[in-house]
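Notes follow once the structure below has been shown.
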Amino acid sequence: MTIMQRIFRNSLILAVAVVVFYVIDWLYGTSLRDPKFLDGWILFAGILFLALYNVRKKLAMLPLGRAAIWLQFHLYVGYFVVAVFLVHTKFSLPGGMLEWAMWSMFIIVSLSGIAGAYLSRMIPARLEMHSERVIFERIPAYRAGLAEEVEALAIDSVNQAGSLTISNLYVNTLHEFFRRPRNFLLHLRNSRRALTRIQGEIDNLRQYLDAAGKENLSKIKDLVQAKDNLDYHYAHQGVLKAWLFFHIPATYGLIVLMVAHVAIVYAYSSGVP
Amino acid sequence: MNQVEHVGKPQRWDKPFGHQRMHADDINRILSLPIFKAIDKNDFPEDLSLEDIIANDGRIVKYRHGDIIVRKGDYGNSLFVILKGSVKGFIDSEGEKAVFQHKPSRKQSWFASFSQLWRNSKIPECVGEKAYRWTGDVGETSARLTSNPSISISIHTTDIEAAGDFETAGHSPLSPEQTALQETWVPRIENVDEISSKYQTFELNAPDMFGELSALARSPRNNTVFGVGEDTVLLELRWQGLRDIRQWSDSIHKAIDKLYRERGLETRLRESSLFDNVDDETMKIIVEHSLFETYGNFDWAHHYQREMAKDEDGGPVLEHEPLISEQDHYLDGLLLIHSGFARVSEKFDHGEKTIGYLTKDDVFGLGEIIDSLRNNGDRRLQCSLRAIGYVDVIRIPTLIVEEHLVPTLPQFSQSTASSSGGKDNNVQQSMLDFLVDNRFINGTKAMAINTDRCVSCDDCVRACAVAHDGNPRFVRHGFSHQNLMVANACMHCKDPVCLIGCPTGAIHRNIDTGSVVIDSVTCVGCATCANACPYNNIRMAEIRGADGAFLTDAEGGQIYKATKCDLCADQLGGPACQRACPHDALVRVDIKNIGNLTDWLELS
């Protein structure tokens, strides 16, 4: 089964599930009961099920099924839960403080989840097209290595040729460029503007250099390209990791608020759902 | 964490193959056997005497009636010499099936798996100094011995004093504690006489030897062999010792190689489906005229590493591969690949283009032979064949094939078999080149990562760490081509060159699964396997004690152990890395199925 076939099948099942849920919720309401209890508990159970995915990841040593299958359930149950949430809140904004907090948490969790799903599909393909895949944790070490190389070339150009052209370029531009990750947002936009600007500056200096200087300049240009590639990977892989820092803590917060919400609802209810 | 503990640095023969070093009287009796008699002891260096090899790499084992000594398909590492009694082996596979028995599973329980959550050490590579201290203490020794599944299977015979003429005189009897620890599961045929009469068997008697084929070629056993009578006594010589004896003694080198080739031809031809319809008489003729040939270097991994380390412009990889048969040359025989890998290529412009590769059981030249018979064409090869690393081939002369083999082939009437060998037209040329040039075709469980789907979440690495006491056993990085990355994880090779040279047999084939695993307790940290692995998939880890201190020997030298992927051998559910990947971006794959691999890579 291809990815597209799988998406089609799962989307179809999701659509049917949402319709079935809506009909049942409506029928429940027509029997003079408060459907908020039904859809509220479905929402509660759905969110707990979604949180189980993280538990599955922690229990990697147990044969609980492939994480890839769990992720598919996580995604589509997640979409289902969004539909239940909209029904539960009657497509309206919340009232009190607690409801606002819960609503906000749910929105953060949902949006970060949807964004994460999108980024997880989009970014690997981008990285695939942009030089060799680099391990995120090794990027600082690679960057430091490149910075050392370019500094050595700048010093070498002064010592060997007595020229300050390259060393000035290093002091004014390259030192800052190699010091830390740069152009984070530009890389996420797939823009090459920053790179072409530096490379243009480098190319412009060629006319003032002798053969040795030109050779050093070519090496520096390659190092700039390599550093730019590292920045590209750093930006994209960083985003791939960062979205989870919104998604997971907000989920825990949401669960705590949900428990409080249920307790309060039952404390003030008539006892008849 | 900063304190250093001193322990004894492990040495090759700290732990002999037997439960203790063989007694001098037994060694003398063994050396008087015909196979060893011709050896000149002076051929051996002073620090590696024949006596020492026999004493430490050999052991005397007694088998009871029906005890299975080797099982067909097991990855054996030993040669056996019959000292007393006789053994039988099955000729046909029906007998094998009748007695096939499974070894009990060694998987962890659910609770044991779950408890890894809190049992796993917080200290990296922590094994505890106890496992590495060699004191000769009985209990400790036994614990070390039994920690290696492959060894524990082999040391089942505690009944050494009953070995008759090979009684280990002067040795104290085994203590009850040791006996208990050495009690292991031994496959045994219950109804030997009935089975022997029902199925075709061969018999070997003292002082015959067997098992040399598997021990030398690192290949699975060809037959199941079992003891006959109540006092079958064997000398089991592990392959590390066999390798040394072969290296230093010309006479035994020739004797073993002769047996190796003769038995290799006979058993190997019978295994191939190509000869399914060949009767015994015809088979004898074919065997008589067949040649066993070896191409390439047995130690190909080092050669390959040197070539790969050279400049990228050093020329096409296949120029370094020994030529077995050349395109357009006379077709002088059908080639059956016995073991190893061979590249099939054809001339293309000014170079050669890889069109496929052959591995065990594949044949080369059959298509041309059939075509020439049909069309009375000239007998010229359409492609070339080169050894990738090291390859054993059986060459059957063209005339013999035409006269005796081709008429028995059922597909002869409609076949237009080609010698391209597994060429899959759907596989991109560059992908084929990538996999063959980098020798990834050796992998049976290579870790393939689809970089088009991988989000670098490292769930695979974390899962691996959880399954291995907090220490991941692979690096999520490796050679890439298009959207395929072959990560630095043990590929559990068909031809595991890492096994060559291990002085203790710590790295070995798992008897049940064929995967390559390391017994960390018997590993002496010599790094031979890590240096031999052409793919850098074995890492030497500096080990620590329970308190986090690095373990060192008395001279202050760091103690290492070899570590690598074991396919989560003791875990429930198989490789944790594959199960943990949420994006279906990682699979453990047999590279032989290139078509499946490329199909999987396309599914995105």
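Chains A and B are the protein sequences, given in the same order. Using the working numbering, the first residue of the first sequence is number 446, and each one after it goes up by one. Using the working numbering, the first residue of the second sequence is number 2, and each one after it goes up by one. Glycine included, C-beta positions come from ideal geometry on N, C-alpha and C.
Item: Span separating the alpha-carbon of Arg-589 of chain B from that of Arg-511 of chain A; Value: 14 Å
Item: Residue-level contact to chain A via CB, Val-467 of chain B, 9 Å cutoff; Value: yes
Item: Pick from B:Glu-347, B:Cys-494 and B:Ile-83 that is closest to Asn-538 of chain B, judged by C-alpha positions; Value: B:Cys-494
Item: Cutoff 9 Å: Ser-481 of chain B Cβ touching any chain A Cβ; Value: yes
Item: Boundaries of the alpha helix (DSSP H) in which Ala-1 of chain B is found, first to last residue; Value: Past the boundaries of the shown model lies residue 1 of chain B; chain B is included only from 2 to 605, so the question cannot be answered.
Item: Test: Phe-115 of chain B CB closer than 9 Å to a CB of chain A; Value: yes
Item: Phe-349 of chain B versus Trp-688 of chain A: straight-line alpha-carbon distance, rounded; Value: 51 Å
Item: Lys-664 of chain A and Leu-609 of chain A closer than 9 Å at C-beta; Value: no
Item: Beta carbon of His-681 of chain A nearer than 9 Å to that of Ile-568 of chain A; Value: yes
Item: Interface residues of chain A facing Ser-457 of chain B [CB-CB closer than 7 Å]; Value: Phe-581, Gln-682 and Leu-685
Item: Beta-carbon proximity check, Thr-355 of chain B vs Leu-433 of chain B, cutoff 9 Å; Value: yes
Item: Pro-508 of chain A at chain B interface by Cβ criterion, 9 Å; Value: yes
Item: Reference Ala-542 of chain B; option with closest CA among B:Arg-381, B:Leu-275, B:Pro-535 and B:Gly-526; Value: B:Gly-526
Item: Inter-residue spacing [alpha-carbon to alpha-carbon] between Asp-601 of chain A and Gly-590 of chain A; Value: 16 Å
Item: Sub-9 Å separation of Phe-18 of chain B and Gly-357 of chain B beta-carbons; Value: no
Item: For Ala-488 of chain B, the residue or residues it bridges with in DSSP; Value: B:Gly-479
Item: Minimum Cβ-Cβ distance from Gly-557 of chain B to chain A less than 9 Å; Value: no
Item: Close beta carbons around Val-428 of chain B, own chain, < 8 Å, minus the five adjacent residues each side; Value: Ile-595, Gly-596 and Thr-599
Item: Own chain residues within Cβ distance below 8 Å of Ala-464 of chain B, not counting five before or after; Value: Ala-577, Cys-578, Arg-580 and Ala-581
Item: Buried versus exposed, by CB contacts within 10 Å (16 or more), Gly-90 of chain B; Value: buried
Item: Under 9 Å between C-beta atoms of Lys-42 of chain B and Ser-50 of chain B; Value: yes
Item: Within chain A, partners of Ala-490 of chain B - CB distance below 9 Å; Value: Under the 9 Å cutoff, chain A gives no residues; its nearest Cβ is about 14 Å from Ala-490 of chain B.
Item: Chain-order list of residues whose beta-carbon lies under 7 Å from that of Gly-698 of chain A (same chain, five-residue window excluded); Value: Met-550
Item: Contact check, Leu-633 of chain A vs Val-669 of chain A, beta carbons under 9 Å; Value: no
Item: Cβ pair count under 8 Å reaching 3, the stretch 374 to 383 of chain B against the stretch 248 to 260 of chain B; Value: no
Item: Below-9 Å beta-carbon distance, Cys-582 of chain B vs any chain A residue; Value: yes
Item: Interface residues of chain B facing Arg-578 of chain A [CB-CB closer than 8 Å]; Value: Thr-452, Cys-455, Ser-457, His-478, Ser-481 and Met-486
Item: Pro-411 of chain B versus Ser-576 of chain A - alpha carbon distance; Value: 51 Å
Item: Any chain A beta carbon closer than 9 Å to Leu-1 of chain B; Value: The question about residue 1 of chain B has no answer here: the residues shown for chain B are numbered 2 through 605.
Item: Cβ contact (3+ pairs, closer than 8 Å) linking the stretch 223 to 238 of chain B and the stretch 59 to 70 of chain B; Value: yes
Item: CB contact below 9 Å: Glu-195 of chain B versus chain A; Value: no
Item: Proximity test, Cβ basis, 9 Å: Gln-579 of chain B and chain A; Value: yes
Item: Short Cβ contact (9 Å threshold) for Val-288 of chain B with Ser-340 of chain B; Value: no
Item: Contact list for Glu-573 of chain A against chain B, beta-carbon separation under 7 Å; Value: Thr-452, Asp-453 and Asn-484
Item: Local Cβ density within 10 Å of Val-701 of chain A, reported as buried at 16 or more and exposed below that; Value: exposed
Item: Ile-592 of chain B and Gly-444 of chain B closer than 9 Å at C-beta; Value: yes
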